[in-house]
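Colleague:
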Amino acid sequence: MRKILISMLLAGAAASPAWAAPDYSTQRAERQAARESRQSARTERQSTREERSSTRDERQSTREERSSARADRQTAREQVQVQRSSVAPVQLQQSRQLQQSSPRAARDVRIEQRTARQRSADRPTQTIEQVNGVQVIRDTRADRRQQNIDQSTERLQQIRDARRNAPPPIVSNTPSPNTQPPPPTTSRGSSSPQWNHNWRNNSRYDWNHHRRRHRSLFHLGFYFDPFGWGYNPFQIGWRMWPSYYGSSYWLNDPWQYRLPYAPPGTRWIRYYNDAILVDLWSGQVIDVIYSFFW
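-8 is the number of the first residue of the sequence shown in this note's numbering; add one for each residue after it.
1) Rounded to the nearest angstrom, what separates residue 177 and residue 262 at their Cα positions?
2) Do residue 196 and residue 250 have their C-beta atoms within less than 8 Å of each other?
3) Exposed or buried, residue 235, counting other C-beta atoms within 10 Å across all chains shown (16 or more means buried)?
4) Would you decide whether residue 270 is buried or exposed? Buried here means 16 or more other CB atoms lie within 10 Å of its CB.
5) Can you tell me whether DSSP reads residue 262 as helix, strand or coil?
6) Might you give, ordered along the chain, the residues of its own chain that have their beta carbon closer than 7 Å to the beta carbon of residue 65, omitting 5 neighbours on each side?
7) Within 10 angstroms of its Cβ, does residue 275 collect 16 or more other Cβ (buried), or is it exposed?
8) Which ranges would you report for the beta strand (DSSP E) in the segment 200 to 265 if only whole runs of at least 3 residues count?
9) Would you mind listing the alpha helix (DSSP H) stretches within the segment 17 to 44 that are 4+ residues and don't spill past its ends, in chain order?
10) Taking the alpha-carbon positions, what's the residue 281 to residue 224 distance?
11) Measure the CB-CB distance between residue 252 and residue 246 and report whether it falls below 8 Å.
12) Here's the rule: buried if 16 or more other CB atoms are within 10 angstroms of the residue's CB, otherwise exposed. What is residue 278?
13) Hey, out of 248, 212 and 219, whose CA is closest to residue 166's CA?
14) Is DSSP giving residue 268 helix, strand or coil here?
15) Which residue or residues does DSSP assign as beta-bridge partners of residue 70?
16) Just to confirm my understanding: we take residue 10, look at its own chain, exclude 5 residues before and 5 after, and list those with CB closer than 7 Å. What are they?
Next up, the structure:
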């Protein structure tokens, strides 16, 4: 029995190191898998870097292409400008010859020239000037814009002068074109309204700037003339027939159009595209703004 127990103890002591020994094959496999995952991560990062680099190269090439295209367009504009200055007399001579040969061909030439002028007016124009012996390209859009403003201002001044020099309407008891009612014969019963024409110098009432930002507000549409006489501009001091300043023509909120509020007994009204401040008792025009609406 004793021999059996000793043999069993010896067998257990010999088997215990085998049980306690680590599994080296499993650890080796885990390390190999970790190396492969790290290698794949490096490969992915490298591919990402390469993609970013290629994207940067594409963007750079796109910028260079755009820059070259811009330079080509600029060169083409300069060449067209030079060609226009040299070809214009030839085109004029050809159009004269066509006018002498065929009326229909001359009409076609005129239509084509008109279309070309309209297109050239819509496009930005440039001129080549010599400044200290160096060619300088100058954009003439600002000059053309200023010229249009000067022409519009001159036309507006001519219209104002014509209105200022127009004779006053004839006083009549019966409404008819180019007439005004007689002054009232009854007493007003109150003091005359006080009005200061210097309100235009106040920046609060910059209706012109307000109209540029809110054009739809000043677009009131069709105007119904109660007499059907057509537009006849009124001046300060003239009198209007009562049908023109009825409640349907009142501007109930003058501040909406950046106009000062009317004093008691007066009203801002719309007369065609004009804004008129009228005395409701006498019908006399106190103030007027021409082409206020559009």
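By construction, the Cβ of each residue, glycine as well, lies at the ideal position given by its N, Cα and C atoms. These figures come from a predicted structure and were not determined experimentally.
Modeller: So, from the listed chains and residues:
1) 26 Å
2) yes
3) buried
4) buried
5) strand
6) none
7) buried
8) 257 to 262
9) none
10) 8 Å
11) yes
12) buried
13) 219
14) strand
15) Residue 70 is not bridged to any residue.
16) The predicted position of residue 10 is uncertain, since its pLDDT is 47 and thus under 50; no value can be drawn from it.
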